[in-house]
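*Asks:* Top to bottom, those sequences are chains A and B.
Read in numbering that gives the first Met the number 0, the first sequence has 42 at position 43, and its numbers run on one by one without any break.
Read in numbering that gives the first Met the number 0, the second sequence has 187 at position 188, and its numbers run on one by one without any break.
Built from N, CA and C at the ideal position, the CB exists for glycine as well.
There are 2 protein chains.
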Amino acid sequence: MVSLGDIRAAHDRIRAHIHRTPVFTSRAIDELLGANVAFKCESFQRGGSFKIRGALNAVLTLDDREAARGVATHSSGNHGAALAIAAGVRGIPAYIVVPANAPRVKRAAIEGYGGIVTECAANVPAREAALAEVVERTGAHFVPPYDDARIVAGQGTATVELMEQAPDLEQIWVPVGGGGLTAGAAVAAHGIDPRVKVIAAEPSRADDAFRSIANGRIEPMRNPATIADGLRTPLGQLNFDILRSHDVTVELASEAAIIAATRLMFERMKLVVEPSGAVPLAALLEASPSRRARRIGVIVSGGNVDLEALLEILKNPGGY
Amino acid sequence: MVSLGDIRAAHDRIRAHIHRTPVFTSRAIDELLGANVAFKCESFQRGGSFKIRGALNAVLTLDDREAARGVATHSSGNHGAALAIAAGVRGIPAYIVVPANAPRVKRAAIEGYGGIVTECAANVPAREAALAEVVERTGAHFVPPYDDARIVAGQGTATVELMEQAPDLEQIWVPVGGGGLTAGAAVAAHGIDPRVKVIAAEPSRADDAFRSIANGRIEPMRNPATIADGLRTPLGQLNFDILRSHDVTVELASEAAIIAATRLMFERMKLVVEPSGAVPLAALLEASPSRRARRIGVIVSGGNVDLEALLEILKNPGGY
C-alpha cells in the first residue's frame, strides 16, 4: 500500500518547498494531563495546514507531459488551497471545484494562491459532475484529497519530522477525517519504531472512523454535526485498510472538549488552531488517564479558521 | 550604564530557565511591506512575555542573604507574573502589589506562579504606600519593572537571540512603554553591529517616548488611551538616556493600525499576540516605505491578552 520508503521519498521530493514546522510544549497542559506532550504545529505550514505535504508529493510525482495540463480537485477547504500552492511550485494550473456555499475566505485563499475556481451546487453529484467536466475540458490530472497513496505518503512526512523533533514518543495522536494524515502517521511511526502507538482522534459527532474500526468495515458518515469542519469527511477505503493493518485505535472527543481544547491552545499556548486541529487534545482531555502514555506526540493539523467563527467558538466557557 | 557585556552575562545567568523563542516569518506580510521581516515571538516565552528575562536576571544577581527575604514589585501585568516565576526558580517569595481594578485573570496568573498578592487602590500614591509597607514588613528586595540596569540587561538578551536567529538585519523594531526592552535592544544591537538601527514603536495615543526624544527631555505621559495596555507606562529616565545615546528614533502607530496588525498576525501568522506586541507591525504598516529597511527584525513582546478583550478587538474590520 504505502511504505516508510515511500514517505522518505516524498520527504526528499517536497522538503525544499515546505516548512519544517516547530514543535511546541506547554507546562500548563502537561500538568493538566500528567504527561509530556509535543505538539507538531502544522498550523504554521504553508497554506495553514498539513495538506500541502500530500498535494505537493502528488504534483511532483507527475511526469512532465501529465503535469503540463495541470491538476484538478474538489475542495471547500485546505486541500484546494494546498493543491493551488503545489501547482504554483511546479508552474502548472490548478482547477479547484468549490461548492457555492463555501466560505468566501476559503475561495479567496484558493484564488490568492493562483487556483482557478469553478463553482458547483453544494451536493456530491453536482460536485462530481463539475469535476468531471473540468477534467474533460482541460485534461487536468485529478488529485484526490486523501484516499490516495501519494497523498498518504506526503502526509506521513509530518510524523517523520515529529519523531525527529521529539524522540522517544510512546503515542502519537492525530485527527482523523478522510484518514490521509492518520494513515501516513501509522506507516511512518511503525516504520521508524513499531512500539509507537498511533491513535486517531475523532469528534463524537463524526464518528465514522470509530464505528468502522469497531465493526471491521467502512461505515458511512451520518450528518456530521461537528464544529471540527475539517473532520466531516468520510474515512477513505485505502486509509481504512492502512489503519486496520496498523492497529490504529480511535478516541472520541465531545464538542465541549473540542471547544475547551481550542481555547486552551489559544490561551495557554498562544496558538491559533482550527477546531479540527484541537481534536487530539480534546480527546486526550476526555480519555481516562490509563489511555494516555507519558510521552505523547500530537499533530495539530491546521490553523485555517474563519475569524468570526473562531470568536463564536471561543465565547463558550472552557470546561477544563 | 548598561553594556553588551552585561547583557551577555545576563544571558549566561538566565539561559537555562528561559525559552529561546522562535522567529517566524510570513510571506503575506513580507509582500505587504516589501521587506523581509523576522518576528521574534516572546509570546511563547515563559509567562507569555519577554518580562521573565529581566526579572530573572535581577533575581539571580541578588546575593543569598538579600534573596532569602524575597522580592517585591508593583504590577498589574506581565512584570508581576514574570517576577513570581523568577522567584520560584530561586525558591524565594515574591510579593506583588496589584491594583484592585486589575483583571482577575492577571491576578490569578500571578498567584498561579506562586506570587503573594497584596491589593491596593488603583492610584500611584496607594500603590507606592502598599509597596513600601510590604518591603518594610518582609525585608523583600524591590525589583522595578523597567527602569533598572539589571532589567535592561535581561531584556537585551531577546535582541541577542534575534540577531543570532536572523542574521544581517538592518533595523530592529521594538515596542516601547517603560523602555526596558528598547534600551536593551539598543545596547545589544549596537554592541553586536553598530550599523543596525533600533526603532521604538509606540501608540500615537501614548506618545511620551516620541515627545521625549523629540524634545530632548523626559515628557510626561498624558492619559494614555490605547488598547496597547502594556505601553501605557511612562518612559523611564535610565532608558531615556540609553535611547538618546543610541540614536533610537520613535515611530508611531494609530489605534486602527494596532488592531489591523493584531488581526494580521492572528489570521496570517496564526499567532495570538497582545496588542502591545503588534505595535511594531502597526508602525511598519503606517510608516512610509522609505523608513522601512529590506531586512527587518521585530520583537513581539507578548501574548498575554484577556480573551474577551481580544475578541472585541478582532471584531473590528482590518484596514490592511
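Run down chain B in chain order and give the residues with a C-beta less than 8 Å from the C-beta of L306(A).
*Replies:* By Cβ distance, chain B contributes R262, F265, E266 and L313.
*Asks:* Would you say S2(A) faces chain B, with C-beta separation under 8 Å as the test?
*Replies:* No - not a single Cβ of chain B is within 8 Å of the one on S2(A).
*Asks:* Exposed or buried, R291(A), counting other C-beta atoms within 10 Å across all chains shown (16 or more means buried)?
*Replies:* Looking at its Cβ environment, which holds 16 or more other Cβ atoms inside 10 Å, R291(A) is buried.
*Asks:* Does the beta-carbon of N100(B) have 16 or more other beta-carbons within 10 angstroms, so that it is buried, or is it exposed?
*Replies:* It is exposed - the Cβ of N100(B) has fewer than 16 other Cβ atoms within 10 Å.
*Asks:* Any idea if M0(B) is buried or exposed, counting beta-carbon neighbours within 10 angstroms, 16 or more meaning buried?
*Replies:* So M0(B) ends up on the exposed side.
*Asks:* Who are the Cβ neighbours of G183(B) in its own chain at under 6 Å, not counting the five residues just before and after it?
*Replies:* Hits under 6 Å: V151, Q154 and G155.
*Asks:* Starting from A200(A), follow the alpha helix (DSSP H) in both directions and report where the run begins and ends.
*Replies:* Counting along the chain, A200(A) falls outside any alpha helix (DSSP H), though it belongs to the beta strand (DSSP E) covering K196 to P202.
*Asks:* Measuring straight from C-alpha to C-alpha, what distance separates A227(A) and G87(A)?
*Replies:* Whole-angstrom Cα-Cα distance: 28 Å.
*Asks:* Identify which residue in L59(A), L230(A), N35(A) and F43(A) has its Cα closest to the Cα of G90(A).
*Replies:* The candidate whose alpha carbon is nearest that of G90(A) is L59(A).
*Asks:* Measuring CB to CB, does Q44(B) end up less than 8 Å from T20(B)?
*Replies:* The answer is yes: Cβ separation under 8 Å.
*Asks:* Use the C-beta contact count for S48(A): other C-beta atoms within 10 angstroms, 16 or more gives buried, fewer gives exposed.
*Replies:* Per the 10 Å Cβ criterion, buried.
*Asks:* Between the Cα of A335(A) and those of G176(A), I191(A), R194(A) and A71(A), spot the shortest distance and give me the residue it belongs to.
*Replies:* Only positions 0 to 319 of chain A appear in the structure, and residue 335(A) is not among them; the question remains open.
*Asks:* Please report the residue range of the alpha helix (DSSP H) in which P98(A) lies.
*Replies:* Where P98(A) is concerned, there is no enclosing alpha helix (DSSP H), although the beta strand (DSSP E) it sits in stretches over A93 to P98.
*Asks:* For the alpha helix (DSSP H) holding T60(B), just list the boundary residues, first then last.
*Replies:* Where T60(B) is concerned, the enclosing alpha helix (DSSP H) stretches over K50 to T60.
*Asks:* If you compare alpha carbons, which of A208(A), I109(A) and I295(A) is closest to V247(A)?
*Replies:* With distances taken between Cα atoms, V247(A) lies closest to A208(A).
*Asks:* By the 10 Å Cβ neighbour count, where 16 or more other Cβ atoms means buried, how is Q170(B) classified, buried or exposed?
*Replies:* Looking at its Cβ environment, which holds 16 or more other Cβ atoms inside 10 Å, Q170(B) is buried.
*Asks:* Please compile the residues from chain B whose C-beta is within a distance smaller than 8 Å of the C-beta of G47(A).
*Replies:* Going along chain B in sequence order, the residues near G47(A) (Cβ under 8 Å) are K269.
*Asks:* Who are the Cβ neighbours of P233(A) in its own chain at under 6 Å, not counting the five residues just before and after it?
*Replies:* So the qualifying residues of the chain are D207 and M220.
*Asks:* Since P21(B) meets chain A, which of its residues come closer than 7 Å, beta carbon to beta carbon?
*Replies:* Here the neighbours are P21.
*Asks:* So the alpha helix (DSSP H) K105(B) belongs to, where does it begin and stop?
*Replies:* Per DSSP, K105(B) belongs to the alpha helix (DSSP H) from R103 to G111.
*Asks:* Find the residues of chain B that neighbour L310(A), judging by a C-beta separation of less than 8 Å, and give them in chain order.
*Replies:* Within chain B, the residues near L310(A) are L310, L313 and K314.
*Asks:* Would you report the Cα separation of D147(B) and N56(A), rounded to the nearest angstrom?
*Replies:* For D147(B) and N56(A), the distance between alpha carbons rounds to 54 Å.
*Asks:* With a Cβ-Cβ cutoff of 8 Å, do V272(B) and S42(B) count as a contact?
*Replies:* Result yes, Cβ atoms of V272(B) and S42(B) sit closer than 8 Å.
*Asks:* Less than 6 Å between C-beta atoms, sequence neighbours within five positions excluded: which residues of the same chain meet that for G79(B)?
*Replies:* Excluding positions up to five away in sequence, the list reads I95 and I109.
*Asks:* Once the 5 residues before and after V134(A) are set aside, which same chain residues still bring their CB inside 7 Å of it?
*Replies:* If we look at V134(A) and ignore the five residues flanking it on each side, its Cβ neighbours are A71 and F141.
*Asks:* Between which residues of its own chain and E218(A) is the CB-CB distance below 7 Å, once the five residues before and five after are set aside?
*Replies:* If we look at E218(A) and ignore the five residues flanking it on each side, its Cβ neighbours are D207, R210 and S211.
*Asks:* If you compare alpha carbons, which of T137(B), V249(B), G138(B) and T117(B) is closest to A129(B)?
*Replies:* The shortest Cα separation from A129(B) among T137(B), V249(B), G138(B) and T117(B) belongs to T117(B).
*Asks:* Which same chain residues, not among the five before or five after G190(B), have their C-beta less than 6 Å away from its C-beta?
*Replies:* Cβ neighbours of G190(B) beyond the five flanking positions: L3.
*Asks:* Quick check: is the beta carbon of F38(A) nearer than 8 Å to any beta carbon in chain B?
*Replies:* It does not; no Cβ of chain B falls within 8 Å.
*Asks:* Beta carbon of A260(B), beta carbon of A281(B): below 8 Å?
*Replies:* For A260(B) and A281(B), yes; Cβs fall inside 8 Å.
*Asks:* Excluding the five sequence neighbours on either side, which residues of its own chain have a C-beta within less than 7 Å of the C-beta of F239(A), listed in chain order?
*Replies:* For F239(A), where only same-chain residues beyond five positions count, the Cβ hits under 7 Å are G178, S211 and I217.
*Asks:* Strictly by DSSP, which residues pair up with E118(B)?
*Replies:* Beta-bridge pairing links E118(B) to V97(B).
*Asks:* For a test of the three-state rule: what should DSSP assign to V186(A), helix, strand or coil?
*Replies:* Reduced to three states, the DSSP call for V186(A) is helix.
*Asks:* Could you give the residue range of the beta strand (DSSP E) that holds P274(A)?
*Replies:* Segment P274 to E285 is the alpha helix (DSSP H) holding P274(A); no beta strand (DSSP E) there.
*Asks:* Does the beta carbon of G302(A) sit closer than 8 Å to a beta carbon anywhere in chain B?
*Replies:* Judged by the 8 Å Cβ criterion, G302(A) is in contact with chain B.
*Asks:* Note down, one range per segment and in chain order, each alpha helix (DSSP H) of at least 4 residues found wholly within the region 6 to 38 of chain B.
*Replies:* Here the runs fully enclosed are 26 to 32.
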